[in-house]
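Trainee: Let me give you the structure first, and then I'll get to my questions.
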Amino acid sequence: MDTTIEQSRQHLINELIEKSSQFNFYQVVRLIRHLIAQNRESLTFRSPANMAHPAADIEQIQFDQNTFKLDATFLSLTTASSPLPDFYTESILQDLQNDSTAVQELMDIIHQRLYQLLFESWTNHSFLLQINEYNNATAIDALYSFMGLADHDIRHSFASADSLLKFICYLSSSHKSIRALSSLLSKYFKTTFTVHSFQYATQDIPPEQHNFLGVKNNRLSETAYLGCEFSSCSNSLLIQIGPLTAKQFPQYLANTRNIKLLKEILSLYVNEPFGFFIEVILDKSNFEPASLCHGFTNQLGITSWLAPIETIENYTVHYWL
1 MDTTIEQSRQ HLINELIEKS SQFNFYQVVR LIRHLIAQNR ESLTFRSPAN MAHPAADIEQ
61 IQFDQNTFKL DATFLSLTTA SSPLPDFYTE SILQDLQNDS TAVQELMDII HQRLYQLLFE
121 SWTNHSFLLQ INEYNNATAI DALYSFMGLA DHDIRHSFAS ADSLLKFICY LSSSHKSIRA
181 LSSLLSKYFK TTFTVHSFQY ATQDIPPEQH NFLGVKNNRL SETAYLGCEF SSCSNSLLIQ
241 IGPLTAKQFP QYLANTRNIK LLKEILSLYV NEPFGFFIEV ILDKSNFEPA SLCHGFTNQL
301 GITSWLAPIE TIENYTVHYW L
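This note's numbering puts the sequence shown at residues 1 to 321.
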């Protein structure tokens with residue numbers, strides 16, 4: 001009695017033979033290569049002469065005497081799409097009627113190498129295969145470079161580097177938007193993130209821009225700023241997180257693991273010197289009264305509200321990132 005592996009192998013071979021035209025060329029070659037790697041078998045590419053326009057990339061697949069024979073219809077020298085003049089194909093068809101296969105066999109020698117090179121080229125340029133099947137370090141580095149993490153030392157300093165690979169389409173895009181950032185954060189953290197621009201806020205003036213009389217930044221109306229703070233709405237983003245459940249809420253308070261990951265993602269996505277104002281929202285239905293030494297509502301000024309429940313419109317925590 002055949003083992004389970006042998007039964008699965010024979011079932012796959014039968015599927016390839018019976019439904020060959022329904023398979024993609026590259027998929028078929030991959031499957032056959034996996035099959036012949038387990039046994040002493042071979043794969044032969046052919047392209048029979050035919051003037052009809054093909055309905056699929058694969059005409060048929062045969063398995064005989066430990067050899068898979070795949071008849072392809074594209075990139076052929078002996079079909080209607082051939083770059084050669086039609087009379088070559090017509091001549092081959094006449095030879096086949098006279099039981100002469102010499103020219104067809106010569107063409108199939110060319111087809112054999114042609115399809116091999118085609119598949120190898122496709123394999124070398126397929127990130128999915130290079131990473132999942134061949135674990136190609138060069139391909140992995142190329143993906144990280146799209147996110148700005150080509151350098152190994154910088155990459156290892158990001159705790160979120162590996163988990164961000166699935167979001168490479170966001171991070172590698174030259175088009176950056178508030179909506180795309182909201183979508184990226186919501187999908188990554190699997191909770192609701194809403195990003196708003198033009199958040200009016202008071203921010204610190206960097207020390208290097210402070211006014212020093214007679215030294216630097218002392219030209220009125222040009223470089224001199226009075227004080228150490230300024231109000232602006234042009235370089236601040238408001239990031240709203242939630243509404244959150246009672247279990248989720250503590251995970252998005254300042255200096256938690258999720259917020260550290262949020263900083264990393266923002267540093268990769270936002271190229272401008274924006275300030276980020278975080279608003280963490282607790283779902284009203286999940287509110288718990290303050291209780292000393294119990295739960296998450298015992299942090300004064302952070303997660304506790306000293307007011308009647310009916311007078312509080314939103315349970316929120318605010319801080320600068």
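Cβ coordinates follow ideal geometry from the N, Cα and C atoms, glycine included.
For Leu35, which residues of its own chain have a beta-carbon under 8 Å away from its beta-carbon, when the five flanking residues on both sides are left out?
Mentor: In the sequence shown, residue 35 corresponds to position 35, counting from 1. Cβ neighbours of Leu35 beyond the five flanking positions: Arg9, Leu12, Ile13, Glu41 and Phe68.
Trainee: Return the bridge partner residues of His196 from the DSSP annotation.
Mentor: Start at 1 with the first residue of the sequence shown, and residue 196 comes out as number 196. DSSP lists Leu238 as partners of His196.
Trainee: For the structure I just gave you, are there three or more beta carbon pairs, one from the region 107-121 and one from the region 129-145, closer than 8 Å?
Mentor: no
Trainee: Report the residue from Pro273, Val29, Phe23 and Ile281 whose alpha carbon sits nearest the alpha carbon of Ser121.
Mentor: Here residue 121 is taken as the residue at index 121 of the sequence shown, counted from 1. Ser121 has its Cα closest to that of Val29, out of Pro273, Val29, Phe23 and Ile281.
Trainee: So is Glu59 buried or exposed if we call it buried at 16+ other beta carbons inside 10 Å?
Mentor: Locating residue 59 in the sequence shown gives position 59, where the first residue counts as 1. Its Cβ being crowded by 16 or more others within 10 Å, Glu59 is buried.
Trainee: Is the beta carbon of Gln240 closer than 7 Å to that of Ile194?
Mentor: Along the sequence shown, one-based indexing puts residue 194 at 194. Along the sequence shown, one-based indexing puts residue 240 at 240. Reading the sequence as shown, one finds Thr at residue 194 and not Ile. Result yes, Cβ atoms of Thr194 and Gln240 sit closer than 7 Å.
Trainee: Consult DSSP for Thr3 and reduce its assignment to one of helix, strand or coil.
Mentor: The residue labelled residue 3 in the question sits at position 3 within the sequence shown. Legend: pLDDT at Thr3 = 47, less than 50; position of this residue unreliable, value from coordinates given subsequently. The answer is coil: DSSP assigns Thr3 none of H, G, I, E or B.
Trainee: Answer yes or no: do Phe347 and Leu181 have a C-beta to C-beta separation smaller than 7 Å?
Mentor: What the structure shows of the chain is the stretch from 1 to 321, and residue 347 is not part of that stretch, so it cannot be assessed.
Trainee: Is Gly242 closer than 7 Å to Ile281 when the C-beta atoms are compared?
Mentor: Stepping through the sequence shown from its first residue, residue 281 is reached at position 281. Stepping through the sequence shown from its first residue, residue 242 is reached at position 242. It is a contact, given that the beta carbons lie within the stated cut-off.
Trainee: In this structure, how does DSSP classify Asn39 when only helix, strand and coil are distinguished?
Mentor: Along the sequence shown, read from residue 1 onward, the residue named residue 39 stands at position 39. Coil, per DSSP.
Trainee: Exposed or buried, Ser46, counting other C-beta atoms within 10 Å across all chains shown (16 or more means buried)?
Mentor: The sequence position of residue 46 within the sequence shown is 46, counting from 1. The residue you asked about is not Ser; residue 46 is Arg in the sequence shown. It counts as buried.
Trainee: What are the complete alpha helix (DSSP H) segments, minimum 4 residues, inside the region 143-182?
Mentor: Listed in chain order, they are 152-156 and 168-171.
Trainee: So that I know if they touch, is there some Cβ in chain C lying closer than 7 Å to that of Leu106?
Mentor: Of the chains in the structure shown, none is chain C; there is only one protein chain.
Trainee: Since Trp320 sits in a beta bridge, which residues does DSSP pair it with?
Mentor: Position 320 of the sequence shown holds residue 320. The partner list for Trp320 (beta bridge, DSSP) reads Phe277.
Trainee: Identify whether Ile110 lies in helix, strand or coil by the three-state DSSP scheme.
Mentor: In the sequence shown, residue 110 corresponds to position 110, counting from 1. DSSP places Ile110 in helix when its eight states are reduced to three.
Trainee: Would the beta-carbon of Pro54 fall within 7 Å of that of Thr73?
Mentor: As a first step, residue 54 is located in the sequence shown; it is residue number 54 there, counting from the start. As a first step, residue 73 is located in the sequence shown; it is residue number 73 there, counting from the start. Yes, the Cβ-Cβ distance between Pro54 and Thr73 is below 7 Å.
Trainee: Quick one: what's Lys216 bridged to in DSSP?
Mentor: Here residue 216 is taken as the residue at index 216 of the sequence shown, counted from 1. Looking at the DSSP assignment, Lys216 forms a beta bridge with Phe212.
Trainee: Cα separation between Ala161 and Lys263?
Mentor: Position 161 of the sequence shown, counting from 1, holds the residue named residue 161. Position 263 of the sequence shown, counting from 1, holds the residue named residue 263. Whole-angstrom Cα-Cα distance: 12 Å.
Trainee: Suppose you measure from the CA of Phe189 to the CA of Lys260; what does that come to, to the nearest Å?
Mentor: What you label residue 189 is simply residue 189 of the sequence shown in a count that begins at 1. What you label residue 260 is simply residue 260 of the sequence shown in a count that begins at 1. Approximately 12 Å between the Cα atoms of the pair.
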